[in-house]
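The opening residue of the sequence shown carries number 1 in full-length UniProt numbering; numbering runs sequentially from there.
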Amino acid sequence: MNIIVFGASGGTGEHVVQQTLEEGHSVTAFVRNPEKLTISYEQLKIIKGDALKFDDAAKAIEGHDVVISCLGAHGLGKTTELSQMTSNIIEGMKQHNVNRILYMASAGIYKEIPGITGWLAQKILKNVLEDHRRAVDQLAQSDFEWTAARPMGLTKKELTAHYRTKAEGIPEGGRNISRADVAHFFTRELQNRQFIRQSVGLAY
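Here it is as structure tokens:
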């Protein structure tokens, strides 16, 4: 497959790029700052751009089979960055007849994390979670084959390839998951297509 990864230089995005390349896919890394990307690979193409600019996003999408978005927000304040970037990606996909997108959101966008810890996390991350929710709602309203991942607390631990998924809510008792395993979920979902048009909770 020919895959474009938005947010490719981020903590999860780099794992997605690395793992999809290792699976033999051709990958385009869409980044604001190419120097932040530490991966070098024969089948890796790098595009410098800003997903907040429609022309940048749309032009980059042309010629790809799948979009993977690992874009994140800057800070914890009120924001519409995520939903604006997602809107640009959606319009770019329509323009270039791309039908498959995998989107990294976060647990908490449906206020689904239980207990005091969940309440506190959802309060602190309220603005970002609300914008992720807007982005996922945009995907749900589209005709695309979309899959949204809602990982619990992200860690820098190594890939295990052993984690739980739940299409509604989050895996019971789950607290965290490594960025490498979120990338593994995306790589696996590219092949298995198990969660088409679903939002999936991820945790150990």
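Yeah, the Cβ is synthetic: ideal placement off N, Cα and C, and Gly gets one too.
If I follow the unbroken alpha helix (DSSP H) through residue i, where does it start and stop?
{"i": "Thr-117", "result": "115 to 124"}
{"i": "Leu-190", "result": "179 to 192"}
{"i": "Asp-143", "result": "Taken as a continuous stretch (DSSP letters only), Asp-143 belongs to no alpha helix (DSSP H), as it is neither H nor E."}
{"i": "Asp-55", "result": "54 to 61"}
{"i": "Thr-86", "result": "81 to 95"}
In this structure, how does DSSP classify residue i when only helix, strand and coil are distinguished?
{"i": "Gly-174", "result": "coil"}
{"i": "Val-66", "result": "strand"}
{"i": "Lys-45", "result": "strand"}
{"i": "Ile-109", "result": "coil"}
{"i": "Ala-73", "result": "coil"}
{"i": "Leu-129", "result": "helix"}
Could you name the residues that DSSP lists as bridge partners for residue i?
{"i": "Ser-199", "result": "Ala-148"}
{"i": "Lys-166", "result": "Gly-201"}
{"i": "Asn-2", "result": "Ser-26"}
{"i": "Val-31", "result": "Lys-48"}
From residue i to residue j, what does the alpha carbon distance come to, in whole angstroms?
{"i": "Thr-8", "j": "Gln-141", "result": "One detail in the question is off: residue 8 reads as Ala in this sequence, not Thr. Cα to Cα, the separation comes out at about 25 Å."}
{"i": "Tyr-41", "j": "Leu-120", "result": "41 Å"}
{"i": "Ile-101", "j": "Gly-92", "result": "12 Å"}
{"i": "Trp-146", "j": "Val-66", "result": "10 Å"}
{"i": "Thr-160", "j": "Val-136", "result": "27 Å"}
{"i": "Gly-169", "j": "Pro-151", "result": "11 Å"}
{"i": "residue 219", "j": "Ala-180", "result": "Because the chain here runs from 1 to 204, residue 219 falls outside it and cannot be looked at."}
{"i": "Gly-77", "j": "Ile-116", "result": "22 Å"}
{"i": "Ile-124", "j": "Glu-14", "result": "26 Å"}
{"i": "Lys-111", "j": "Thr-79", "result": "18 Å"}
{"i": "Asp-56", "j": "Gly-49", "result": "6 Å"}
{"i": "Asn-97", "j": "Asn-88", "result": "14 Å"}
{"i": "Leu-21", "j": "Leu-139", "result": "26 Å"}
{"i": "Pro-114", "j": "Gln-43", "result": "42 Å"}
{"i": "Val-182", "j": "Arg-197", "result": "18 Å"}
{"i": "Ile-177", "j": "Thr-12", "result": "11 Å"}
With respect to the beta strand (DSSP E) encompassing residue i, which residues constitute its N-terminal and C-terminal limits?
{"i": "Leu-102", "result": "100 to 104"}
{"i": "Leu-154", "result": "153 to 155"}
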